[in-house]
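Take a look at the structure set out below.
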Ligand SMILES: Nc1ncnc2c1ncn2[C@@H]1O[C@H](COP(=O)(O)OP(=O)(O)OP(=O)(O)O)[C@@H](O)[C@H]1O
Ligand SMILES: [Mg+2]
């Protein structure tokens, strides 16, 4: 197991390396955040242990940076100045644990041992393939990943839209990680979470005495993320007055700290996300049209999960593995019936809801298989959250019990069964087309598949002759 050790104290660095070597792990030292980022982008690590207070890029920023580069790398944070706030923040950014200095070596040793055996299990189960970032095999997800690659290297602002839980934040982190700014930090701010004045001071910074309690000058996000990216989440909730200030940054690159007169130059890429319809907000006079057009040079839409049901088996398996490792279990298989049921849900909370559902299932399962009995009953009763029609068939390679099939069963599934399935699928397509008077968008909606998937299927069955939509 290879461990990155980032700490500005030379003595601590070298003693940790020595201790790790004694425990049989390979340690690799980084004297600050910058050095850590360089190492991480050049080599593969199994774990990182990071000091919070370091000059330049501090531990907390480094942690966020790591999350953008590798969602799965386990990170342990350590500090000589522990506080509840920093511990909470570390957990929020996905740290595996939080240690105060001096380190409790016995605890660390146990934790590393536990992790390295789980890591071994993970490698065994996922092969050499690194867990990819934005998972999903639907055509829309493929297109989304291709678009991200295309737009990441530009400096253009981006706006990411989509319902709650569709992966907007993950998309933003991917864009930054693949951009030329990835060696600098990405800082984020949720515009709905705090009052307007505070938001202004967070983004633009403030001068000493700008408001009661402003005891010293504080640099804002734009200043702290210089050369990097800022991610403004829930931009639709930003106060209209602040919107004007942001527009100025986008247009001229100029801004002032709150209570300050000095005009500062911004060097940040701005990426925003929203789960609201900004055009509606513009119509209501709550969002500036000019800001919208500046921000939306590039728009990316994260489609709801119900429009890309093909992604559900992949995601369900990914989350099952992730949580099994977190809870110290062997990664389980998922029963085929359960997968089919999951594919029939409407998932109003999208990928996040599926993830939570799988976490619960992993906790409740005790064997090495997750089945119908491990998910909450709300998913099992026919309700408005469930599609009435059966769904696109499960890809054979994803059916977890496909290996268990006998040779003759396999032969059957290649002939009679798959023939029947095709007939059924054709029949469903025709029915849905009839119901929607041939309107493809509606047909896709009825079937709960993406429009493009529908197109492929129609093409596959030679049903595209009357091409009128
Ligand atoms: N394609 C994907 N592959 C793997 N994990 C995903 C994918 N999409 C979303 N997730 C996971 O689902 C959860 C929700 O995603 P995220 O926080 O990015 O959603 P969001 O659109 O920002 O939601 P909200 O609008 O509520 O802020 C996260 O745990 C994220 O890692
Ligand atoms: Mg979000």
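Numbering (my numbering), first residue to last: 119 to 587.
Just so you know, even glycine gets a beta-carbon here, dropped at the ideal spot from N, CA and C.
Where residue i and residue j are concerned, what is the direct C-alpha to C-alpha distance, given to the nearest angstrom?
{"i": "residue 453", "j": "residue 431", "result": "11 angstroms"}
{"i": "residue 589", "j": "residue 253", "result": "Beyond the ends of the chain as shown, which are 119 and 587, falls residue 589; an answer cannot be given."}
{"i": "residue 212", "j": "residue 424", "result": "27 angstroms"}
{"i": "residue 343", "j": "residue 368", "result": "15 angstroms"}
{"i": "residue 269", "j": "residue 287", "result": "16 angstroms"}
{"i": "residue 139", "j": "residue 226", "result": "14 angstroms"}
{"i": "residue 484", "j": "residue 441", "result": "13 angstroms"}
{"i": "residue 371", "j": "residue 385", "result": "7 angstroms"}
{"i": "residue 159", "j": "residue 135", "result": "20 angstroms"}
{"i": "residue 381", "j": "residue 318", "result": "16 angstroms"}
{"i": "residue 330", "j": "residue 362", "result": "24 angstroms"}
{"i": "residue 578", "j": "residue 418", "result": "29 angstroms"}
{"i": "residue 545", "j": "residue 575", "result": "12 angstroms"}
{"i": "residue 215", "j": "residue 192", "result": "9 angstroms"}
{"i": "residue 323", "j": "residue 315", "result": "11 angstroms"}
{"i": "residue 390", "j": "residue 209", "result": "23 angstroms"}
{"i": "residue 137", "j": "residue 482", "result": "37 angstroms"}
{"i": "residue 274", "j": "residue 551", "result": "41 angstroms"}
{"i": "residue 499", "j": "residue 256", "result": "27 angstroms"}
{"i": "residue 434", "j": "residue 466", "result": "16 angstroms"}
{"i": "residue 307", "j": "residue 320", "result": "8 angstroms"}
{"i": "residue 149", "j": "residue 167", "result": "12 angstroms"}
{"i": "residue 291", "j": "residue 265", "result": "14 angstroms"}
{"i": "residue 459", "j": "residue 497", "result": "8 angstroms"}
{"i": "residue 260", "j": "residue 152", "result": "32 angstroms"}
{"i": "residue 525", "j": "residue 556", "result": "The pLDDT assigned to residue 525 is 42, lower than 50, so where the model puts this residue is not dependable, and the model offers no usable value."}
{"i": "residue 394", "j": "residue 472", "result": "21 angstroms"}
{"i": "residue 141", "j": "residue 155", "result": "25 angstroms"}
{"i": "residue 143", "j": "residue 128", "result": "19 angstroms"}
{"i": "residue 305", "j": "residue 403", "result": "29 angstroms"}
{"i": "residue 358", "j": "residue 188", "result": "35 angstroms"}
{"i": "residue 205", "j": "residue 570", "result": "45 angstroms"}
{"i": "residue 207", "j": "residue 543", "result": "49 angstroms"}
{"i": "residue 333", "j": "residue 171", "result": "22 angstroms"}
{"i": "residue 383", "j": "residue 335", "result": "17 angstroms"}
Could you tell me if residue i is buried or exposed, where buried requires 16 or more neighbouring beta carbons within 10 angstroms of its beta carbon?
{"i": "residue 243", "result": "With a pLDDT of 39 at residue 243, under the threshold of 50, the modelled position of that residue is not reliable, and the figure given next carries that caveat. Exposed."}
{"i": "residue 463", "result": "buried"}
{"i": "residue 312", "result": "exposed"}
{"i": "residue 495", "result": "exposed"}
{"i": "residue 133", "result": "exposed"}
{"i": "residue 285", "result": "buried"}
{"i": "residue 406", "result": "buried"}
{"i": "residue 449", "result": "buried"}
{"i": "residue 68", "result": "Look at the range of the chain in this structure, 119 to 587, and you will see that residue 68 is not part of it."}
{"i": "residue 202", "result": "exposed"}
{"i": "residue 258", "result": "buried"}
{"i": "residue 267", "result": "exposed"}
{"i": "residue 289", "result": "buried"}
{"i": "residue 582", "result": "exposed"}
{"i": "residue 199", "result": "exposed"}
{"i": "residue 350", "result": "buried"}
{"i": "residue 396", "result": "buried"}
{"i": "residue 540", "result": "exposed"}
So, residue i versus residue j, is the Cβ gap smaller than 8 angstroms?
{"i": "residue 280", "j": "residue 420", "result": "yes"}
{"i": "residue 488", "j": "residue 438", "result": "yes"}
{"i": "residue 195", "j": "residue 221", "result": "no"}
{"i": "residue 548", "j": "residue 558", "result": "no"}
{"i": "residue 297", "j": "residue 412", "result": "no"}
{"i": "residue 354", "j": "residue 302", "result": "no"}
{"i": "residue 352", "j": "residue 295", "result": "no"}
{"i": "residue 469", "j": "residue 283", "result": "yes"}
{"i": "residue 217", "j": "residue 165", "result": "no"}
{"i": "residue 456", "j": "residue 493", "result": "yes"}
{"i": "residue 277", "j": "residue 392", "result": "yes"}
{"i": "residue 299", "j": "residue 327", "result": "no"}
Rounded to whole angstroms, how far is the Cβ of residue i from the Cβ of residue j, which I believe are closer than 8 angstroms?
{"i": "residue 120", "j": "residue 146", "result": "6 angstroms"}
{"i": "residue 373", "j": "residue 348", "result": "Wrong, their Cβ atoms sit about 12 angstroms apart, outside the cutoff."}
{"i": "residue 169", "j": "residue 125", "result": "4 angstroms"}
{"i": "residue 445", "j": "residue 480", "result": "6 angstroms"}
{"i": "residue 436", "j": "residue 461", "result": "With 8 angstroms as the limit, residue 436 and residue 461 do not qualify as a contact, their Cβ atoms being about 15 angstroms apart."}
{"i": "residue 554", "j": "residue 564", "result": "6 angstroms"}
{"i": "residue 122", "j": "residue 157", "result": "6 angstroms"}
{"i": "residue 365", "j": "residue 408", "result": "6 angstroms"}
{"i": "residue 451", "j": "residue 474", "result": "No, residue 451 and residue 474 are not in contact; Cβ-Cβ is about 20 angstroms, not under 8 angstroms."}
So within the stretch 138-212, which uninterrupted alpha helix (DSSP H) runs reach at least 4 residues, ignoring any that extend past its ends?
151-160, 177-187, 202-210
Which full runs of the beta strand (DSSP E) of 3+ residues lie inside the stretch 272-322, going along the chain?
Scanning the stretch 272-322 for uninterrupted beta strand (DSSP E) segments of 3 residues or longer gives 276-280, 304-308, listed from N- to C-terminal end.
Give the list of continuous alpha helix (DSSP H) stretches no shorter than 4 residues that lie fully inside the stretch 451-478.
454-462
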